[in-house]
Amino acid sequence: MLKLLRYSLHAETVIRERGLDRAWVEATVRAPDWRTDDPGGPDIERLYRSINALEGRVLRVVVVEASDEIRIISAFVDRGARKPACP
């Protein structure tokens with residue numbers, strides 16, 4: 000069962016202001032290319048995905064996952080994002 004996605008007010012605002020497609024955000028949450036912990040707290044995670052419609056640029060989505068939902072905190076094109084090398 001897929002968890003419910005909830006958007007914070009901040010996420011709703013920045014997605015609209017930055018002209019991001021919600022489908023890109025949801026694809027990043029459901030199937031990220033990679034993920035990292037966020038220094039803002041132990042429960043916060045950064046999810047990354049290359050978006051073909053953005054000429055391969057990387058979308059970063061910041062989330063907090065609970066047992067019943069994934070809360071989307073923010074989203075933006077991360078021009079400096081680089082997929083970590085495999086160990």
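Numbering (numbering that gives the first Met the number 0), first residue to last: 0 to 86. All residues carry an ideal CB built from backbone N, CA and C; glycine is no exception.
*From Ser49 to Ile72, what distance separates their C-alpha atoms?*
Rounded to the nearest whole angstrom, the CA to CA distance from Ser49 to Ile72 is 19 Å.
*Write down the C-beta distance between Arg45 and Arg59 rounded to the nearest angstrom, noting that I regard them as a contact closer than 8 Å.*
Yes, Arg45 and Arg59 are in contact; Cβ-Cβ is about 6 Å, under 8 Å.
_Unbroken stretches of the alpha helix (DSSP H), 4 residues or longer, contained in the segment 12-45_ = Counting only runs of 4 or more, we get 21-29.
*Taking Ser73 as part of the beta strand (DSSP E), name the residues at either end of that continuous run.*
Note, Ser73: beta strand (DSSP E), 68-76.
_The beta strand (DSSP E) that contains Leu3, what's its start and end?_
From DSSP, the beta strand (DSSP E) with Leu3 extends over 3-6.
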